[in-house]
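Asks: Residue numbers (my numbering), protein chains in the order written: chain L, 147 to 334; chain V, 3 to 284. Every residue, glycine too, gets a C-beta built ideally from N, C-alpha and C. Just dropping this structure here.
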Amino acid sequence: MTSNNVNSQKEASEVGAELLASCLAGDRRGQLKLYESTHGLVYRLMVRMVGFQEAADLTQQVYLKLFSKIDQFSGHSRFETWLYRLAMNEALQYLRKNSRKKTAVLAGDPVSPQRPEAERGEQREILEVAMSRIDPELRSIFLLREVEGMSYRDIAEVVEIPEGTVGSRLNRARRDLQNHLLELGWRA
Amino acid sequence: MSCSEIQNLLSAYHDDELDSDIREKVAKHLVNCVSCVRELSLFEEVSQLAADLTPPVPPSNLWAELELRLQAETSQQEHVVSQSVAPARLRFLRKYSAFIVAATLLFAVGVGYLNQGDNSHNAHHHSSSVFSQYLTAFENDPDSAQQILLKNYTNDLVKSEQAARLLGYQPAIARDLPADYEIVASYVIKMPCCTCLQTVCRRKDGSQIVIFEHDDETTEWFDGQPKINATCGGEECCLVNLDERIAASWKRGKRHITVIGIRDITEINELIAWSDQSRNKI
Ligand SMILES: [Zn+2]
């Protein structure tokens with residue numbers, strides 16, 4: 147488990163019924179509190195799904211939808227699962243509409259494939275680039291597993307696929323990633 | 003099991019999502035199969051890379067922008083006819099985005115302070131300074147807060163024409179008033195730091211907002227309070243989160259404007275716009 151996972155779980159436990167009720171009533175302070183405790187995860191998901199340029203705007207879109215649809219949250223699933231689903235749907239919908247756009251994952255210079263000598267820090271950047279090159283639906287599952295630390299059951303609920311297919315999609319995601327990583331000069 | 007069967011299960015094995023009997027079968031296979039082990043070690047390396055990823059930091063003005071979009075949505079629902087609300091707000095946003103950032107930070111700081119409040123030793127934060135008492139009292143009862151100031155400092159109840167003479171400069175408040183506010187009373191107060199003009203205003207709903215114009219360094223006014231300093235248009239601004247309200251201080255020419263009892267970001271924006279306007283007229 148990474149420190150990210152620990153954080154996301156900590157965030158998770160903080161969204162209580164009382165807070166949701168105040169958001170449901172349209173209370174701005176409640177909305178801010180909910181935003182404060184969850185926007186980190188939405189934003190990091192968006193950066194990896196759609197790139198830095200669109201991440202802020204889409205994060206805001208997610209919260210606009212969240213606050214207007216919060217009455218539809220049934221309470222059958224965990225709130226975070228619902229939020230992740232909302233965020234993933236927003237990202238995938240955006241990518242379908244803008245399928246020609248490449249996801250610009252890095253704020254700075256793109257990693258050149260001509261540079262085989264990647265340092266450890268650059269290896270991380272290489273993963274960001276490789277992630278941006280695989281199929282968005284596979285990418286979403288990979289992120290939920292590796293960055294958000296979710297169980298297969300929760301992943302299945304977020305992306306609305308049978309739990310039994312999460313493993314095989316992750317196999318594909320990881321193999322596709324390896325291929326792109328190797329192309330980018332990754333030395334395993 | 004064959005290699006291809008094992009490889010179909012490899013992610014689930016790697017992520018510890020297999021039932022124990024199947025897990026054991028996979029483990030047994032891996033003892034003797036170099037190619038499946040190699041595949042698994044690649045999965046592990048990719049996971050390691052992913053664990054090392056640094057989470058991107060959300061831009062600090064994200065909430066401020068979002069709040070404006072939320073407000074724009076609400077006002078569109080409320081006044082379908084007046085379409086100009088949203089663009090006007092967005093212009094505000096661009097012009098005063100630095101301050102909005104500051105206000106956003108303020109909320110973050112405020113929340114953090116409240117969270118800490120229960121278990122940390124904050125006693126030394128309760129400064130005995132009169133202004134601190136004033137700020138604290140203001141949250142519950144602006145009128146009794148006012149009495150604290152007037153009891154402790156020499157003051158004169160003034161009309162705006164007199165104010166300029168007593169202060170030696172033309173205060174912003176004397177030229178015009180922020181829209182929707184009505185002056186209740188103005189005082190020239192001799193504080194330890196400087197002589198300032200205090201104007202108590204009333205909103206249409208009867209709630210109070212108090213505007214100080216003064217000569218000194220603003221940060222001293224907020225000593226003992228959880229506060230933040232932020233740059234606003236190249237100038238230092240200082241903000242304090244009161245219980246339900248905000249206190250903010252910013253520079254206007256050589257002097258400072260300090261406002262107690264601000265409601266939200268929109269109101270800060272409007273007040274800064276007002277003080278900028280009145281400054282331009284000088
Ligand atoms: Zn094998």
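Less than 7 Å separating the Cβ of V/His16 from some heavy atom of ligand 1?
Replies: no
Asks: Are three or more beta carbon pairs between the region 10-21 of chain V and the region 300-314 of chain L nearer than 8 Å?
Replies: yes
Asks: Spatial neighbours of V/Ile264 within its chain, please: C-beta separation below 8 Å, excluding the five flanking residues on both sides.
Replies: Counting only Cβ-Cβ distances below 8 Å, and skipping sequence neighbours, we find Ile211, Arg247, Ile248, Ala249, Ala250, Ile270 and Leu273.
Asks: Who are the neighbours of V/Ser13 on chain L, taking C-beta pairs under 7 Å?
Replies: Gly313, Leu316, Asn317 and Arg320, listed in chain order.
Asks: Can you tell me where the beta strand (DSSP E) holding V/Asn2 begins and where it ends?
Replies: In this structure chain V extends from 3 to 284, so residue 2 of chain V is not present and cannot be described.
Asks: Assuming L/Ala277 and L/Arg194 form a contact by the criterion Cβ under 8 Å, report the distance between their Cβ atoms to the nearest whole angstrom.
Replies: The amino acid occupying residue 277 of chain L in the given sequence is Met; Ala does not appear at that position. The Cβ separation is near 6 Å, so the contact holds.
Asks: Can you list, in chain order, the residues of its chain whose CB lies under 7 Å from that of L/Leu98, leaving out five sequence neighbours each side?
Replies: It is not possible to answer for residue 98 of chain L, since the shown part of chain L is limited to 147 through 334.
Asks: Measuring alpha carbon to alpha carbon, tell me which residue in V/Glu67, V/Leu169, V/Thr260 and V/Glu46 is nearest V/Asp18.
Replies: V/Glu46
Asks: Name the chain V residues that come within less than 8 Å of L/Ala202, Cβ to Cβ?
Replies: In chain order: Pro60, Pro61, Leu64 and Glu67.
Asks: Which of the three DSSP states, helix, strand or coil, is assigned to V/Ser49?
Replies: If DSSP states are grouped into helix, strand and coil, V/Ser49 belongs with the helices.
Asks: Is V/Ser13 near ligand 1, with its Cβ less than 7 Å from a heavy atom?
Replies: no
Asks: For my contact list, V/Val202 and V/Ala187 are in at a C-beta cut-off of 8 Å; report their separation, rounded to the angstrom.
Replies: 5 Å
Asks: Alpha carbon to alpha carbon, how far is L/Gln199 from V/Asn157? Give it in angstroms, no decimals.
Replies: 55 Å
Asks: Please tell me whether L/Arg270 has its Cβ less than 8 Å away from any Cβ of chain V.
Replies: Chain V contact via Cβ: present.
Asks: Alpha carbon to alpha carbon, what distance is there between V/Asn10 and V/Ala90?
Replies: For V/Ala90, the predicted structure reports a pLDDT of 38, less than 50, and the residue's modelled location is therefore unreliable. A value from the coordinates is still provided. For V/Ala90 and V/Asn10, the distance between alpha carbons rounds to 57 Å.
Asks: Please report the residue range of the alpha helix (DSSP H) in which L/Arg299 lies.
Replies: Start and end: Tyr298 to Val305.
Asks: Using C-beta distances below 7 Å, list every residue in its chain close to L/Thr227, excluding the 5 sequence neighbours before and after it, in chain order.
Replies: Asp300, Glu303 and Val304
Asks: Counting only beta-carbon separations shorter than 8 Å, does V/Arg205 have a partner in chain L?
Replies: The C-beta of V/Arg205 comes no closer than 8 Å to any C-beta of chain L.
Asks: Taking the alpha carbon of L/Ile272 as the reference point, which residue from L/Tyr240, L/His326, L/Gly197 and L/Ser168 has its own alpha carbon closest?
Replies: L/His326
Asks: Leaving out the 5 sequence neighbours to the left and right, which residues in its chain are closer than 6 Å to V/Asn121 when beta-carbon positions are compared?
Replies: With a pLDDT of only 36 at V/Asn121, under 50, the local geometry of the prediction cannot be trusted, and the value read off the model is given with reservation. Contacts found: none.
Asks: In chain order, what residues of the same chain have a beta carbon less than 6 Å from the beta carbon of V/Pro144, not counting five sequence neighbours either side?
Replies: Gln210
Asks: Can V/Ser37 be considered in contact with ligand 1, in the sense that its beta carbon sits closer than 7 Å to one or more heavy atoms?
Replies: At least one heavy atom of ligand 1 is nearer than 7 Å to the Cβ of V/Ser37, so yes.
Asks: Identify the contact partners of L/His185 in chain V, using a Cβ-Cβ distance below 7 Å as the criterion.
Replies: Pro60 and Leu64
Asks: How would you write the range of the beta strand (DSSP E) that V/Ile248 sits in, first residue to last?
Replies: V/Ile248 -> beta strand (DSSP E) spans Ile248 to Arg254.
Asks: Hey, could you find the ends of the beta strand (DSSP E) L/Tyr181 is sitting in?
Replies: L/Tyr181 -> not in any beta strand (DSSP E); alpha helix (DSSP H) instead, spanning Arg174 to Val196.
Asks: With the cut-off set at 8 Å, would you say V/Tyr189 and V/Leu159 are in Cβ contact?
Replies: Cβ atoms of V/Tyr189 and V/Leu159: closer than 8 Å.
Asks: Taking only runs that begin and end inside the region 4-55 of chain V, name each unbroken alpha helix (DSSP H) of 4 or more residues, in chain order.
Replies: Whole alpha helix (DSSP H) segments, 4+ residues: 5-10, 12-16, 22-34 and 36-53.
Asks: Measure from the alpha carbon of V/Ala66 to the alpha carbon of each residue in L/Gly197, L/Ala202 and L/Leu170, then state which is nearest.
Replies: Considering only alpha carbons, the answer is L/Ala202.
Asks: From the beta carbon of L/Tyr298, is the nearest beta carbon of chain V less than 8 Å away?
Replies: Chain V has a Cβ within less than 8 Å of the Cβ of L/Tyr298.
Asks: DSSP beta-bridge partners for V/Arg257?
Replies: In DSSP, V/Arg257 forms a bridge with V/Arg254.
Asks: With the cut-off set at 8 Å, would you say L/Gln279 and L/Ala319 are in Cβ contact?
Replies: Residue identity check: residue 279 of chain L is Arg in the sequence provided, not Gln. Between L/Arg279 and L/Ala319, the C-beta spacing is not below 8 Å.
Asks: Quick one: does the C-beta of V/Ile24 sit closer than 7 Å to a heavy atom of ligand 1?
Replies: no
Asks: Between L/Glu329 and chain V, is any beta-carbon pair separated by less than 8 Å?
Replies: Not closer than 8 Å to any Cβ of chain V, the Cβ of L/Glu329 fails to qualify, so no.
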